[in-house]
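**Student:** One structure follows; several queries about it will come next.
Protein chains: 2
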Amino acid sequence: MKMTTQASEPCCPPAKEQADLRPVEGDEADEELATLSKALGHPARVKIVRILLRKNACVCGDIVDELPLAQSTVSQHLKVLKDAGLIRGDVDGPRVCYCIEPHALRRLRALVGGL
Amino acid sequence: MKMTTQASEPCCPPAKEQADLRPVEGDEADEELATLSKALGHPARVKIVRILLRKNACVCGDIVDELPLAQSTVSQHLKVLKDAGLIRGDVDGPRVCYCIEPHALRRLRALVGGL
DNA sequence: GTCATCTATCGTATATCTACGATGAAGATG
DNA sequence: CATCTTCATCGTAGATATACGATAGATGAC
Numbered sequence: 006m007k008m009t010t011q012a013s014e015p016c017c018p019p020a021k022e023q024a025d026l027r028p029v030e031g032d033e034a035d036e037e038l039a040t041l042s043k044a045l046g047h048p049a050r051v052k053i054v055r056i057l058l059r060k061n062a063c064v065c066g067d068i069v070d071e072l073p074l075a076q077s078t079v080s081q082h083l084k085v086l087k088d089a090g091l092i093r094g095d096v097d098g099p100r101v102c103y104c105i106e107p108h109a110l111r112r113l114r115a116l117v118g119g120l
Numbered sequence: 006m007k008m009t010t011q012a013s014e015p016c017c018p019p020a021k022e023q024a025d026l027r028p029v030e031g032d033e034a035d036e037e038l039a040t041l042s043k044a045l046g047h048p049a050r051v052k053i054v055r056i057l058l059r060k061n062a063c064v065c066g067d068i069v070d071e072l073p074l075a076q077s078t079v080s081q082h083l084k085v086l087k088d089a090g091l092i093r094g095d096v097d098g099p100r101v102c103y104c105i106e107p108h109a110l111r112r113l114r115a116l117v118g119g120l
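First to last, the sequence lines map onto chains U and E. Positions 6 to 120 (the working numbering) are the ones given, in order, by the first sequence. Positions 6 to 120 (the working numbering) are the ones given, in order, by the second sequence.
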């Protein structure tokens with residue numbers, strides 16, 4: 006029998022809305038926008054982000070089931086998103102719970118909006 | 006003597022604001038967001054987009070001067086942006102005038118905002 | 001026509017990306 | 001302890017990206 010997504014304790018609390026004062030222009034902003042964009046620059050990764058947003062909570066394990074890709078490939082995509090700061094992965098026993106980093110998404114929106 | 010950016014006739018008129026009714030979710034939207042993001046996924050291309058936005062008009066020729074890259078490399082980046090639909094290039098005599106495709110940028114904002 | 005200018009394209013070398021199967025590490029279960 | 005589950009990492013093959021110099025094509029100036 007398989008337990009599916011039984012997030013008893015939320016690993017990603019609401020997180021207080023905190024203003025991001027960094028500039029949306031300049032070399033650093035350019036690098037940042039490029040990094041975040043590159044991370045979103047693959048359909049599978051866009052889908053992963055949507056999955057995490059849709060459930061609006063940690064997703065512990067069954068991301069692979071929702072994509073037509075091998076487990077190792079999904080793990081690689083998750084790593085790309087994590088390295089870019091867009092998602093977070095918290096170890097919860099035998100599995101890892103992934104969730105969105107809301108402030109990274111807000112930052113991306115700010116940077117794209119600043120164009 | 007070198008003529009610099011003497012855009013007598015604007016190749017990129019204001020373009021009427023037209024609502025984009027396409028969905029911001031689903032497989033097609035995912036592909037679209039991935040394509041646009043990928044195009045922005047390099048600092049040089051972010052800078053190019055900013056240059057075009059800053060002048061708010063066609064830029065005819067001197068994009069290369071603003072980047073620490075060879076002319077052929079800049080041309081390649083421009084092609085990536087053009088293939089993604091983010092910019093347009095109009096031949097104007099001996100040079101080519103590049104400008105932003107405003108609706109593509111709006112579409113990107115809508116897609117990112119829809120996350 | 002000849003020359004200069006601007007840009008795209010070709011060829012090329014190196015690096016990164018993307019995908020997979022196989023293996024390894026950590027925790028749960030018996 | 002032995003086993004199962006879950007996920008990361010390794011190794012690898014093929015594709016794509018990135019950068020450059022060299023070259024070609026188109027246009028304007030002479």
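Yeah, the Cβ is synthetic: ideal placement off N, Cα and C, and Gly gets one too. This one's a predicted model, so the numbers in the text were calculated from it and none came from an experiment.
Residues in its own chain within less than 8 Å of Arg112 of chain E by CB, not counting five upstream and five downstream?
**Tutor:** Same-chain partners within the cutoff: Asp25, Arg27, Glu37, Leu41.
**Student:** So Ile56 of chain E is in the alpha helix (DSSP H); what residue range does that whole segment cover?
**Tutor:** 48-60 is the extent of the alpha helix (DSSP H) around Ile56 of chain E.
**Student:** Distance, Cα to Cα, Ile105 of chain E vs Glu22 of chain U?
**Tutor:** Their Cα atoms are separated by approximately 33 Å.
**Student:** Am I right that Ala39 of chain E and Gly46 of chain U are in contact with their C-beta atoms under 8 Å? What's the rounded C-beta distance?
**Tutor:** That pair is a contact at about 6 Å.
**Student:** For Val29 of chain E, which of helix, strand or coil comes out of DSSP?
**Tutor:** Note: Val29 of chain E maps to coil in three-state DSSP.
**Student:** Using a Cβ-Cβ cut-off of 8 Å, state whether Glu36 of chain E counts as contacting chain U.
**Tutor:** Yes, contact with chain U.
**Student:** Take the Cβ of Gln11 of chain E as the centre, count every other Cβ of all protein chains shown within 10 Å, and call the residue buried at 16 or more, exposed below.
**Tutor:** At Gln11 of chain E, the pLDDT of 38 sits below 50, so the modelled position is not reliable; the number obtained from the coordinates is stated separately. Result: exposed.
**Student:** Using a Cβ-Cβ cutoff of less than 6 Å, which residues in the same chain neighbour Gly66 of chain U once the five nearest sequence positions on both sides are dropped?
**Tutor:** Excluding sequence neighbours, Gly66 of chain U sits near Arg100.
**Student:** Bridge partners of Val101 of chain U, per DSSP?
**Tutor:** Paired residue(s): U:Val96.
**Student:** In chain order, what residues of the same chain lie with their CB nearer than 7 Å to the CB of Glu71 of chain U, ignoring the 5 residues before and after it?
**Tutor:** Same-chain partners within the cutoff: Ile56.
**Student:** What's the C-alpha gap between Ala89 of chain E and Gly98 of chain U?
**Tutor:** Their backbone Cα atoms lie some 43 Å apart in a straight line.
**Student:** Mind listing which residues of the stretch 42-54 of chain U have their C-beta closer than 9 Å to chain E's C-betas, in chain order?
**Tutor:** Listed by position, the residues of the stretch 42-54 of chain U near chain E (Cβ gap below 9 Å) are Ser42, Lys43, Ala44, Leu45, Gly46, His47, Pro48, Ala49, Arg50, Val51, Lys52, Val54.
**Student:** Give me the chain E residues within the contact set of Gly118 of chain U, using Cβ-Cβ distance strictly less than 7 Å, ordered along the chain.
**Tutor:** Correct list: Arg114.
**Student:** Taking the DSSP output, what are the residues bridged to Cys63 of chain E?
**Tutor:** Looking at the DSSP assignment, Cys63 of chain E forms no beta bridge with any residue, so it has no partner.
**Student:** Taking DSSP as the reference, what is the three-state secondary structure of Glu36 of chain U?
**Tutor:** Three-state result, Glu36 of chain U: helix.
**Student:** Taking 8 Å as the threshold (beta carbon to beta carbon), is Leu83 of chain E in contact with chain U?
**Tutor:** No, Leu83 of chain E does not count as interfacial toward chain U.
**Student:** Residues of chain U with CB closer than 8 Å to the CB of Ala89 of chain E, please, in chain order.
**Tutor:** Chain U residues near Ala89 of chain E: none, gap ~10 Å exceeds 8 Å.
**Student:** Would you tell me roughly how many angstroms separate the C-alpha atoms of Gly31 of chain U and Val79 of chain U, rounded to the nearest one?
**Tutor:** Whole-angstrom Cα-Cα distance: 33 Å.
**Student:** Rounded C-beta distance between Leu74 of chain U and Tyr103 of chain U? I'm assuming under 8 Å.
**Tutor:** At roughly 15 Å, the Cβ-Cβ gap does not stay under 8 Å, so Leu74 of chain U and Tyr103 of chain U are not in contact.
**Student:** Verify whether the separation of the beta carbon atoms of Val117 of chain U and Arg114 of chain E is less than 8 Å.
**Tutor:** Contact flag set, yes.
**Student:** To the nearest angstrom, report how far apart His108 of chain E and Leu86 of chain E are at their CA atoms.
**Tutor:** Taking the straight line from one Cα to the other gives about 14 Å.
**Student:** I'd like to know if Leu74 of chain U contacts chain E, where contact means its C-beta is closer than 8 Å to some C-beta of that chain.
**Tutor:** Taking Cβ atoms only, chain E never reaches closer than 8 Å to Leu74 of chain U, which makes this a no.
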